[in-house]
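Following: one structure in structure tokens, then a few remarks.
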Amino acid sequence: MYLSYVGFRVRDLQRSLRFYTEAFGLVPVDPSEPARIDPKVPWAILLRDPRSGQRIELNYYPPTSPYAVPYAPGEELDHVAFRVDNLAETLARLEKLGYHSENMSHYEGPFLTTPNYRMAYVRDPDGIQLELFDAPGDATYRPDKY
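Right under this line is the structure:
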């Protein structure tokens, strides 16, 4: 398991993207993604520091999204993501410890499943949303990937 990235909730994705790329030299993990951003739909873009490999994810929710709630100080932290070795085993271990995965309304079931990516969310004791994900078949850490 390792800390993969920290997600920030942003009000204007293009503005935040310009800020983090111009002010801090972060680069999109997928260079083609900025051209595909649609402000009418929820969007997340992963940025990487080319020097350290550290990553942040900018998360945008349009006004129609249930996650586009009014801001209060400190709510810009959207979530912290951990890549785990086996999502099902990690969720079972957390359930035994009394922590429960959230059923995110825009996903079917407690976690999103594709052939290469599975994720779920839990909250820490103070309510911070934690994303847990695995990528079956890809066990190597690479700073240019999630």
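If you're matching positions, the sequence shown starts at 484 in the working numbering and goes up one per residue. Built from N, CA and C at the ideal position, the CB exists for glycine as well.
In the DSSP assignment, what residue or residues form a beta bridge with residue i?
i, result
"ILE539", "VAL489 and LEU530"
"GLU614", "ALA564 and TYR604"
Assuming the contact rule is C-beta atoms closer than 8 Å, residue i and residue j should be a hit. Round their C-beta distance to whole Å, please.
i, j, result
"VAL563", "ILE611", "7 Å"
"VAL493", "ASN542", "7 Å"
Between the alpha carbons of residue i and residue j, how many angstroms are there, rounded?
i, j, result
"PRO517", "VAL510", "10 Å"
Judging by CA-CA distance, which residue of the options is the nearest neighbour of residue i?
i, options, result
"GLY581", "PRO619, VAL605, LEU496 and ALA571", "VAL605"
"GLY490", "ALA506, ASN569, ARG576 and GLN537", "GLN537"
"ASP621", "LEU613, GLU614 and ARG601", "ARG601"
"THR504", "TRP526, LEU570, PRO533 and LEU613", "PRO533"
"TYR544", "PRO525, ALA555, GLU559 and ALA603", "PRO525"
"PHE616", "ASP607, LEU577 and ALA571", "ALA571"
Determine the burial state of residue i: buried for a count of at least 16 other Cβ atoms within 10 Å of its Cβ, exposed for fewer.
i, result
"SER487", "buried"
"GLU540", "buried"
"VAL567", "buried"
"LEU500", "buried"
"GLU614", "buried"
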